[in-house]
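To start, the structure under review is shown below, and the notes come after it.
Protein chains: 4
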Amino acid sequence: MTKHREVKAALLGATGAVGQRYINMLPKHPYLHLEVLMGGESAGKKYGQAVHWLFPDAMDSAMAEKVVKQARPESAKGCDIVFSALPSEVAAEVESKFAEAGFIVVSEASAHRMDSDVPLMIPEINAEHLRLLETQKRKRGWKGAIATTPNCTGTGLSMVLKPLIDEYQAEKAIVTTMQALSGAGFPGVPSLSIQENVIPYIKNEEEKVAAEAKKILGTFKDGVIKPSPIEMGISCNRVAVIDGHMETLYAEFGMDISPEDAERTLARFRGEPQTLKLPTAPDQPIIVRRENDRPQPRLDRMAGSVPGMSVVVGRVRNGIDARSLQLTLLSHNTIRGAAGTAILTAELMEREGYLE
Amino acid sequence: MTKHREVKAALLGATGAVGQRYINMLPKHPYLHLEVLMGGESAGKKYGQAVHWLFPDAMDSAMAEKVVKQARPESAKGCDIVFSALPSEVAAEVESKFAEAGFIVVSEASAHRMDSDVPLMIPEINAEHLRLLETQKRKRGWKGAIATTPNCTGTGLSMVLKPLIDEYQAEKAIVTTMQALSGAGFPGVPSLSIQENVIPYIKNEEEKVAAEAKKILGTFKDGVIKPSPIEMGISCNRVAVIDGHMETLYAEFGMDISPEDAERTLARFRGEPQTLKLPTAPDQPIIVRRENDRPQPRLDRMAGSVPGMSVVVGRVRNGIDARSLQLTLLSHNTIRGAAGTAILTAELMEREGYLE
Amino acid sequence: MTKHREVKAALLGATGAVGQRYINMLPKHPYLHLEVLMGGESAGKKYGQAVHWLFPDAMDSAMAEKVVKQARPESAKGCDIVFSALPSEVAAEVESKFAEAGFIVVSEASAHRMDSDVPLMIPEINAEHLRLLETQKRKRGWKGAIATTPNCTGTGLSMVLKPLIDEYQAEKAIVTTMQALSGAGFPGVPSLSIQENVIPYIKNEEEKVAAEAKKILGTFKDGVIKPSPIEMGISCNRVAVIDGHMETLYAEFGMDISPEDAERTLARFRGEPQTLKLPTAPDQPIIVRRENDRPQPRLDRMAGSVPGMSVVVGRVRNGIDARSLQLTLLSHNTIRGAAGTAILTAELMEREGYLE
Amino acid sequence: MTKHREVKAALLGATGAVGQRYINMLPKHPYLHLEVLMGGESAGKKYGQAVHWLFPDAMDSAMAEKVVKQARPESAKGCDIVFSALPSEVAAEVESKFAEAGFIVVSEASAHRMDSDVPLMIPEINAEHLRLLETQKRKRGWKGAIATTPNCTGTGLSMVLKPLIDEYQAEKAIVTTMQALSGAGFPGVPSLSIQENVIPYIKNEEEKVAAEAKKILGTFKDGVIKPSPIEMGISCNRVAVIDGHMETLYAEFGMDISPEDAERTLARFRGEPQTLKLPTAPDQPIIVRRENDRPQPRLDRMAGSVPGMSVVVGRVRNGIDARSLQLTLLSHNTIRGAAGTAILTAELMEREGYLE
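Residue numbers (the numbering used here), protein chains in the order written: chain A, 8 to 363; chain B, 8 to 363; chain C, 8 to 363; chain D, 8 to 363.
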């Protein structure tokens, strides 16, 4: 790991399901120090008492003792970066206030993701999209800026599509998801609804996944992102799994493609975070399994050198002909699909001088 | 209901998971009388003692008292029809023996499904395929004959594809299944494998579904079935649901198609069993739900006038463009996908004189 | 069935999880006619649109069309009885208003259960407790009156204890429950909390079960109920089952008791509803299973002549010595443990002239 | 940690569900080196190919490459200790052969547990029972010897009873278990049996738990173990949890007991492994939680300084009076309840000179 400066971080939405994942990950981070926790109703209480803690892992004791602050810029004074795990309905306004006040905000919320001057980051795919931040500052007259990370479902999918588009001209992607309960937050899905059942619908999810993937996979040129032309059809389902979104992908290509080549290409995929050896970057962004019956959420969601940060792919095979491919992919929805990618984005920003 | 003769039936594989569904359904049948139960290791025992009964419904007391017989033609003497719920590895030989001995066999097993002279029946779709039985008898020199019913996963799918092909020239079908535990029989899937998990693989299933659907949807001409040219890509998954296979379908068409038209077409679909008012024929082979979040296995698998015999479709919407469609379908895998379709086939055969 | 008059009923809390069970059961009732549905936020809407329907069974179409009314006495004008499925925090006041206005209220809520002048009814056990209604009317100066039915967990337990106390002087009962999700209502238990888990606590439940059982099993004399002296220790747990509360019971007796005698005694238990042949009375209030591995919630919760109204008992065996017994019991928490017992109570009241 | 010699270990039953837990735990051990893996049908294959690996954690690569050997003494030549994770039906004979051939065997199987000259070890409770090994060697004329560890269900229970007996004269224990799926091995419980269900029976389990606890808690005197006089009534249930056995305990005492005192006593409990600072000994054998709703299997099974080795207790409260207590306990059935206690026993034996 190369040298870096120490980074002070604040967290918006600290007690929610996504917020908790930051509390779970950041205390072990080499140089990102979570100094300030902010919340709504929990403000004024100690974090350990305000939160309904969802993990088996014991909560970091220093975090437990921190008093949750009001979600306003003054609370984060002295911090270099603000992570936002706010619900989207409040994120739009609150995040803008922080950026206006000079903070760099990295947000998990959907509120600003599709703004044309806001980067939607998966650092392995589109590190150069960070340059949109200049446009954004100029256009909005802000001292700070907002970067976003995508919907949990689109993250793993986009990572798998990136090398398939680059090497084989993937043109069409038909996707069915089987998504974990934690994607709906807490309390989220009632047990009476999902027990011994599948729910074939997640509100707004299909639209979000398609639109966001096109932006993430788009090209940055002249200060603007041109969306990827890939065509997408998405069907989202909820299943009784705690963590880990499974997705089947059928893709069509502009050329013939062999499953063996595709496996090699996916396994070899690397991005800027691997080159820079960022601390939260997994050695292999995509792990390819060759057994018939993998990936499986319970067994594979924490695979790889940074648990939860690799996408696991299996069952790579041709589709209806030599120009089409089918595969199954799994990614951890609250790590790679949320806090992990946000932290990785912060690491990239630090290295590229955006936090100075 | 029109008049019919009384039909005496025998059952091969009576104690297995599929066999039990016949024991569950037939005692209430108006004219199919289950007279003889046959089994392997269970032969010689009373059915009620030999079986590991899987249903909440109490077992029919007359069935419980029947002594299971050896699986050979003499056991079924006097019966008009033999249902086979045998495992495929033994079905090939045993079923042939029964047909050779003069019995009409209706089989759930995959052994003979793809034989060119054996009809693969979903009576709503391909009632005329029964005429293959003449070819079969002649070619094999048998007095009896074998008719088969499809794999549980392909049944609901084929029923939905039929009107879409006929009315809108469906050309390509990309399907992802989320299949119930009962599809794997008993003991079947270990709980340690599926609890809080999804398994992205079911052995041989994808190949079977595609090949069988093409045959089922094929045209019968000059004593031969010409398979449907529809192209299919299938991804099969196991989920922690007891009964009811869910499937997402993305289809492409030779013409524009509106979701509203497709819904109407699907809801109006009727086949020969509805015309003939066969007792196990549901009023509506396909029930269309317009809520966002239906069908769901636990809520909808028993929908319709004959519980478990209707396919429930929902989320009908366009795919990537006006020439493509996406929808979700659900069918009960051990009723419509197994015993129910076999019983319906027997009813059709009775009405068309094949049991005389 | 003997003759009876037609009874017009109203329902408070019609859209909740317990309320729905009445909508599920009453439309098939021979003489209880559900005329008026009342609710809070749902008032003014058609029931079919206001409710988040939890059952696989299709909703009765007449019920679906009924417009939900405000929860006040005028709404129920002309009704002979008012069922209350209100949450306890609002039940206290609302139910009193209805009783004051002259209605007979049969309530599932805990609000009035422990009032000394309010009967807590399981008709098989304590039909004579209805006579408390006279005391109640006199004492409170009401024209109407309130009868209550117990907590779902205590219902099955009390039914099993009743014959064991009467015949063998049961003195101490140590009980551990494994309770179904539907007992917590909807949305109730979050799936993230209960998936692959057990929750060893249900708020206030242990205290309620013990206190209510003592009242139910108490003796009515001189217008007062003297609680049963039985000592009880209860541990309540939530498990990932949809319907059906399982309970293990260890009991100590004032005399020796053999498991065989206990089984006979339990299986022979009958109460006033059986004598009167009330329509919702099961032939056998307690069904005894002798297999090692029964009862099981998914297989046995709907056992008996009136599905869901019988308690199923199994694994009857001695405890630490000849004066103690262990067994497992199962009862359907929203039928026998809620709506079913309330309906049975209404039937008893009709027969005994309390609705005139 | 004090000094120790390096110990070479062999493992019988390496591919089974319990065997896998050793492969999961031992490669990280400071001085126990797993040199030899033995199996039945898997003999001759590489372990990584022979096993159906059940854990999310990647298998140790050195273990994966080991060739499984035949289960006979020659295979273990040079080893200082033999762990047995054999199924009980084969354990009796095979383990005796190893002991006769001079090996110290530490066995998870039930075969020899109740032999009067075989110690049944939970090192925190009965370290001195190891002295039975002298009796055993002498009596049987063996050079080696067999030590056993208890049934998974009795382990946590015995650990909780030990301080309650010593300090408060616990006399009677009424226990209901809710046991995890992994306790039944693999394939174990069929998913169709346990999904949305509870099974109120585990073969032979209740008898084993009671008898073994009395032996474990017994006193060693004059070369003989005198069983504890505590009276026990046990009801065992299977629930849909992967790992972690929950148990409710109702206990009666020879004196008054306050929940606060009991909590303190439980939390302070330490045994010989803690004194000796054995590597697999958790700092706190019993962790007491004071929240209402803990322990929970998914959240607490890996609690403590050595994950899976602490018993977690909660809901400590009085029972029917001041001389009785109720509580809930949780212990990891394949770590504390199996491999972990066996490894801890081996560590104790090494320290006390039994492996020289």
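Idealized CB from N, CA, C, for every residue including glycine.
*What is the rounded straight-line gap between the Cα of A:Arg-138 and the Cα of A:Phe-260?*
In the first sequence, the residue the question calls residue 138 of chain A occupies position 131. In the first sequence, the residue the question calls residue 260 of chain A occupies position 253. Their Cα atoms are separated by approximately 30 Å.
*Would you call the segment 294–305 of chain A and the segment 330–349 of chain A touching, i.e. three or more CB-CB distances under 8 Å?*
Touching, per the Cβ criterion.
_Quick check: what's the CA-CA separation for C:Gly-163 versus B:Asn-158?_
By one-based count along the third sequence, residue 163 of chain C stands at place 156. By one-based count along the second sequence, residue 158 of chain B stands at place 151. Cα to Cα, C:Gly-163 sits roughly 43 Å from B:Asn-158.
_To test your reading of the DSSP string, which unbroken beta strand (DSSP E) runs of 3 or more residues are found completely within the segment 251–333 of chain A?_
Qualifying beta strand (DSSP E) stretches, in chain order: 252–260, 293–295, 318–325.
*Determine the direct distance from the alpha carbon of B:Gly-315 to that of B:Gly-23, and round the result to whole angstroms.*
Here the question's residue 23 of chain B lines up with position 16 in the second sequence. Here the question's residue 315 of chain B lines up with position 308 in the second sequence. Taken atom to atom, the span from the alpha-carbon of B:Gly-23 to that of B:Gly-315 is near 19 Å.
_Proximity below 7 Å, CB of B:Lys-144 to CB of B:Ala-154_ = The residue labelled residue 144 of chain B in the question sits at position 137 within the second sequence. The residue labelled residue 154 of chain B in the question sits at position 147 within the second sequence. In terms of Cβ geometry, B:Lys-144 and B:Ala-154 do not form a close pair [threshold 7 Å].
*Say whether chain D places a C-beta atom closer than 7 Å to the C-beta of C:Glu-203.*
Translated into positions along the third sequence, residue 203 of chain C becomes position 196. Closer than 7 Å to some Cβ of chain D, the Cβ of C:Glu-203 qualifies, so yes.
*Check the Cβ of A:Phe-193 against every Cβ in chain C and list those closer than 9 Å, keeping chain order.*
Within the first sequence, residue 193 of chain A is the residue found at index 186, counting from 1. In chain order: Pro-197, Leu-199, Ser-200.
*Beta-carbon proximity list for A:Arg-79, same chain, < 6 Å, skipping 5 on both sides*: The sequence position of residue 79 of chain A within the first sequence is 72, counting from 1. None.
*Got a sec: is the Cβ-Cβ distance from B:Leu-224 to anything in chain C below 7 Å?*
Taking the second sequence and counting its residues from 1, the one referred to as residue 224 of chain B is at position 217. It does not: the Cβ of B:Leu-224 has no partner Cβ on chain C nearer than 7 Å.
*asked:* B:Pro-234 and B:Gly-240 - do their beta-carbons sit closer together than 7 Å?
replied: Within the second sequence, residue 240 of chain B is the residue found at index 233, counting from 1. Within the second sequence, residue 234 of chain B is the residue found at index 227, counting from 1. It is not a contact, given that the beta carbons lie outside the stated cut-off.
*What are the residues of the segment 335–355 of chain D that lie near chain A, defined by any Cβ-Cβ distance shorter than 8 Å?*
Flagged: no residues at all.
*Looking only at DSSP bridge pairs, what is D:Val-182 linked to?*
By 1-based counting over the fourth sequence, the position of residue 182 of chain D is 175. Its beta-bridge partners are D:Ile-241, D:Leu-256.
_Between D:Val-246 and chain C, is the shortest Cβ-Cβ distance under 7 Å, so that the two count as touching?_
Locating residue 246 of chain D in the fourth sequence gives position 239, where the first residue counts as 1. So yes, D:Val-246 belongs to the interface.
*Would you mind working out which of A:Thr-348, A:Arg-322, A:Cys-86, A:Ala-71 sits nearest A:Ala-269, comparing C-alpha positions?*
Numbered from 1 along the first sequence, position 262 holds the residue referred to as residue 269 of chain A. Closest by C-alpha distance to A:Ala-269, out of A:Thr-348, A:Arg-322, A:Cys-86, A:Ala-71, is A:Arg-322.
*Let me know if D:Met-8 comes out buried or exposed under the rule of 16 or more other beta-carbons within 10 Å of its beta-carbon.*
One-based indexing of the fourth sequence puts residue 8 of chain D at position 1. Reliability fails at D:Met-8, whose pLDDT of 46 lies under 50, so the model's placement of it is uncertain and no value is given.
*asked:* Rounded to whole angstroms, what is the Cα-Cα separation between A:Ile-172 and A:Gln-333?
replied: Numbered from 1 along the first sequence, position 165 holds the residue referred to as residue 172 of chain A. Numbered from 1 along the first sequence, position 326 holds the residue referred to as residue 333 of chain A. Distance between the alpha carbons of A:Ile-172 and A:Gln-333: 14 Å.
_Quick check: the Cα distance between D:Val-319 and C:Met-128, rounded to an integer number of angstroms?_
Stepping through the fourth sequence from its first residue, residue 319 of chain D is reached at position 312. Stepping through the third sequence from its first residue, residue 128 of chain C is reached at position 121. C:Met-128 has its alpha-carbon roughly 39 Å from the corresponding atom of D:Val-319.
*Along chain B, which residues have their Cβ under 7 Å away from the Cβ of A:Ile-206?*
Mapped onto the first sequence, residue 206 of chain A falls at position 199. The contacting residues are Asp-300, Gln-303.
*Specify the secondary structure class of D:Met-8 as computed by DSSP and reduced to three states.*
The residue labelled residue 8 of chain D in the question sits at position 1 within the fourth sequence. Residue confidence for D:Met-8 is low, a pLDDT of 46 falling below 50, so the modelled location carries little weight; the figure read from the coordinates is stated next. Three-state result, D:Met-8: coil.
*Contiguous alpha helix (DSSP H) assignments of at least 4 residues, all confined to the segment 107–192 of chain D*: Listed in chain order, they are 130–133, 139–147, 159–175.
*For B:Ile-30 and chain D, any beta-carbon pair shorter than 7 Å?*
Along the second sequence, read from residue 1 onward, the residue named residue 30 of chain B stands at position 23. Chain D contact via Cβ: absent.
*Measuring CB to CB, does C:Ala-310 end up less than 7 Å from C:Ile-327?*
For this step, residue 310 of chain C is matched to residue 303 along the third sequence. For this step, residue 327 of chain C is matched to residue 320 along the third sequence. Cβ distance not < 7 Å, so C:Ala-310 and C:Ile-327 don't count as in contact.
*Should A:Arg-145 be flagged as near chain B, meaning a C-beta pair shorter than 7 Å?*
Locating residue 145 of chain A in the first sequence gives position 138, counting from the first residue. Closer than 7 Å: no.
*Check the Cβ of A:Asp-242 against every Cβ in chain B and list those closer than 8 Å, keeping chain order.*
Counting from one through the first sequence, the residue named residue 242 of chain A turns up at place 235. Checking the displayed sequence, the identity of residue 242 of chain A turns out to be Ser instead of Asp. By Cβ distance, chain B contributes Thr-183, Thr-255, Tyr-257, Arg-322, Gln-333, Thr-335.
*Roughly how far, in whole angstroms, is the beta-carbon of C:Gly-46 from the beta-carbon of C:Gly-20, given that I think they are within contact range, below 8 Å?*
Numbered from 1 along the third sequence, position 39 holds the residue referred to as residue 46 of chain C. Numbered from 1 along the third sequence, position 13 holds the residue referred to as residue 20 of chain C. Contact between C:Gly-46 and C:Gly-20 holds, since their C-beta atoms are separated by about 7 Å, short of 8 Å.
*Contacting positions in the segment 56–82 of chain D - beta carbon closer than 9 Å to chain A*: Answer in chain order: Trp-60, Leu-61, Phe-62, Pro-63, Asp-64, Ala-65.
*Is the Cβ of D:Met-316 closer than 7 Å to any Cβ of chain A?*
Against the fourth sequence, residue 316 of chain D aligns to sequence position 309. Not an interface residue.
*asked:* Let's see if you can read the secondary structure: which residues bound the beta strand (DSSP E) around D:Glu-42?
replied: Here residue 42 of chain D refers to the residue found at position 35 when the fourth sequence is read from its first residue. Where D:Glu-42 is concerned, the enclosing beta strand (DSSP E) starts and stops at 39–46.
*asked:* Using a Cβ-Cβ cutoff of 9 Å, what residues of the segment 143–173 of chain A are near chain B? List them in chain order.
replied: Contacts with chain B (Cβ-Cβ distance below 9 Å) from the segment 143–173 of chain A involve no residue at all.
*Counting contacts by CB-CB distance shorter than 7 Å, is B:Met-8 in contact with chain C?*
Residue numbering aside, residue 8 of chain B sits at position 1 when the second sequence is read from its first letter. Interpretation of B:Met-8 is limited by its pLDDT of 46, a score under 50 that renders its predicted location unreliable; the figure taken from the coordinates is listed afterwards. Using beta-carbon distances, B:Met-8 does not count as an interface residue toward chain C, since no partner is under 7 Å.
*Could you name the residues of the same chain whose beta carbon sits closer than 6 Å to that of B:Lys-169, not counting the 5 residues immediately before and after it, in chain order?*
Numbered from its first residue, the second sequence carries residue 169 of chain B at position 162. Hits under 6 Å: Ile-132.
*Have a look at A:Leu-199 and D:Ser-49 and give me their C-alpha separation to the nearest angstrom.*
For the purposes of this step, residue 199 of chain A is identified with residue 192 of the first sequence, where counting begins at 1. For the purposes of this step, residue 49 of chain D is identified with residue 42 of the fourth sequence, where counting begins at 1. Approximately 43 Å, taken between the alpha carbons.
*Apart from the five residues on each side of it in sequence, which residues of its chain come closer than 8 Å, Cβ to Cβ, to D:Ser-123?*
Residue 123 of chain D sits at position 116 when you count from the first residue of the fourth sequence. Hits under 8 Å: Val-231, Ile-232.
_Helix, strand or coil at A:Ile-249 [DSSP, three-state]_ = The residue you call residue 249 of chain A lines up with position 242 of the first sequence. A:Ile-249: coil per DSSP, three-state reduction.
*Taking the Cβ atom as the reference point for each residue, do B:Asp-67 and B:Lys-15 lie within a distance shorter than 7 Å?*
Sequence index remark: in the second sequence, residue 67 of chain B carries index 60 (1-based). Sequence index remark: in the second sequence, residue 15 of chain B carries index 8 (1-based). For the 7 Å CB-CB criterion, B:Asp-67 and B:Lys-15 do not form a contact.
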